[in-house]
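One structure is given below, encoded as structure tokens.
There are 2 protein chains.
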Amino acid sequence: MSYYWPMGRTPPHPEVSQFGLQQVLEALVDPVRRSIVTQLDASGEDIKCGDFDIPVSKSTATHHFNVLREAGLIRQYYVGTARMNTLRRDEVDEAFPGLLAALTTPQARAAQPLAG
Amino acid sequence: MSYYWPMGRTPPHPEVSQFGLQQVLEALVDPVRRSIVTQLDASGEDIKCGDFDIPVSKSTATHHFNVLREAGLIRQYYVGTARMNTLRRDEVDEAFPGLLAALTTPQARAAQPLAG
DNA sequence: AGAGAAGTACGATCGTCGTCAAACTTCGAT
DNA sequence: ATCGAAGTTTGACGACGATCGTACTTCTCT
Numbered sequence: 001m002s003y004y005w006p007m008g009r010t011p012p013h014p015e016v017s018q019f020g021l022q023q024v025l026e027a028l029v030d031p032v033r034r035s036i037v038t039q040l041d042a043s044g045e046d047i048k049c050g051d052f053d054i055p056v057s058k059s060t061a062t063h064h065f066n067v068l069r070e071a072g073l074i075r076q077y078y079v080g081t082a083r084m085n086t087l088r089r090d091e092v093d094e095a096f097p098g099l100l101a102a103l104t105t106p107q108a109r110a111a112q113p114l115a116g
Numbered sequence: 117m118s119y120y121w122p123m124g125r126t127p128p129h130p131e132v133s134q135f136g137l138q139q140v141l142e143a144l145v146d147p148v149r150r151s152i153v154t155q156l157d158a159s160g161e162d163i164k165c166g167d168f169d170i171p172v173s174k175s176t177a178t179h180h181f182n183v184l185r186e187a188g189l190i191r192q193y194y195v196g197t198a199r200m201n202t203l204r205r206d207e208v209d210e211a212f213p214g215l216l217a218a219l220t221t222p223q224a225r226a227a228q229p230l231a232g
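Order-wise, the sequence lines are chains A and B. Residues in the first sequence are numbered from 1 upward in steps of one, following the numbering used here. Residues in the second sequence are numbered from 117 upward in steps of one, following the numbering used here.
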């Protein structure tokens with residue numbers, strides 16, 4: 001049996017209607033995960049897992065990306081062996097207007113210990 | 117020695133400049149505490165600890181109020197034996213614009229399991 | 001003064017979460 | 001075909017936090 005879902009396929013993503021505030025907040029409360037979101041927001045481009053500036057091991061990083069994806073904050077897809085990450089800006093805004101904006105404010109940015 | 121700070125005095129409150137995004141988010145991620153904030157926001161009035169609709173014991177409630185106060189979200193003062201709680205709306209808005217608004221949106225409100 | 005109401009402090013428990021290392025899989029390039 | 005790069009899975013560990021009961025304090029009211 002396959003413990004890995006095929007790399008050519010995309011992992012499961014929640015619909016906007018399935019987004020939960022509790023889950024989204026739990027995802028955003030972790031500094032590493034918030035840094036990932038901030039970096040995605042700042043770049044405006046999709047970023048592969050390995051290209052983020054985060055101070056954790058690969059396995060921990062995988063965990064964080066899973067949490068973000070399951071909460072609906074990011075979309076993931078494969079390009080070769082690389083896992084790309086997209087910020088689901090519009091969809092998160094639709095579910096919880098102003099939330100991401102509040103976390104990417106200059107004030108919020110300044111309060112971020114990790115790189116943004 | 118006094119283990120209790122006198123009831124006639126107010127407990128320590130952080131200045132706006134001391135507010136930390138991490139601390140604020142950690143305070144708001146708990147459903148009980150978010151419910152407290154939501155109830156304060158909805159009423160527009162100060163509310164005493166005992167008058168909140170929260171499903172926890174008194175000692176746990178005390179803990180939650182401490183967390184909220186130390187994060188800067190509420191201001192506390194005594195009236196007799198009652199501990200009053202004020203939402204520090206303007207100050208939180210100054211520190212992190214849009215954050216509280218995003219959590220009191222209709223969408224966010226609808227996503228709240230606990231009473232608002 | 002005494003009783004009760006409103007919270008607080010303390011200690012203990014229990015679950016969850018972030019973290020890592022090691023073994024594994026999958027893909028691309030040589 | 002093989003090797004390395006990129007992630008994933010699993011299991012374990014440690015820390016932190018939400019919760020409660022009990023004992024305590026402080027105030028108000030009678």
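The C-beta atom is built at its ideal place from N, Cα and C for all residues, glycine as well.
Nearest to D209 (chain B) by alpha-carbon distance, out of B:G188, B:N182 and B:I170, is B:G188. Exposure of G44 (chain A) is indicated by the presence of fewer than 16 other C-beta atoms within 10 angstroms of its C-beta. Annotated as distal: T176 (chain B) and I190 (chain B), with beta-carbon spacing of 8 Å or more.
Taking a contact as a CB-CB distance under 8 Å, the pair A108 (chain A) and L137 (chain B) counts as one, their CB atoms being some 5 Å apart. Within chain A, the C-beta atoms nearer than 9 Å to that of V145 (chain B) come from Q22, L25, E26, L28 and V29, in chain order. Annotation: R88 (chain A) is outside any alpha helix (DSSP H) and is labelled neither H nor E by DSSP. Under the 8 Å criterion on CB atoms, Q107 (chain A) is classed as interfacial with respect to chain B. Close partners of A102 (chain A) in chain B (Cβ separation under 8 Å): F212, P213, G214, L215, A217 and A218. Separation of I54 (chain A) and V32 (chain A) (C-alpha to C-alpha, rounded to the nearest whole angstrom) is 7 Å. At a cut-off of 8 Å between beta carbons, Q112 (chain A) contacts chain B.
Counted as a single uninterrupted DSSP element, the beta strand (DSSP E) harbouring Q76 (chain A) occupies residues I74 to V79. In this structure, DSSP gives I152 (chain B) a helical state, which the three-state scheme calls helix. The closest CA to that of V79 (chain A), considering only A:L40, A:C49 and A:D41, is found on A:C49. A straight-line Cα-Cα distance of about 22 Å links M84 (chain A) and Q18 (chain A).
Excluding five sequence positions before and after Y193 (chain B), the CB atoms of its chain that fall closer than 6 Å to its own CB belong to T126 and M200, given in chain order. Beta-bridge pairing by DSSP links K164 (chain B) to B:M200.
For P106 (chain A), the uninterrupted alpha helix (DSSP H) segment begins and ends at P106 to A110. Around V67 (chain A), the same chain offers A27 and R33 as residues with beta carbons nearer than 7 Å, after the five sequence neighbours per side are excluded. V153 (chain B) counts as buried, since no fewer than 16 other beta carbons sit within 10 angstroms of its beta carbon.
For L114 (chain A), the secondary structure class from DSSP, reduced to helix, strand or coil, is coil.
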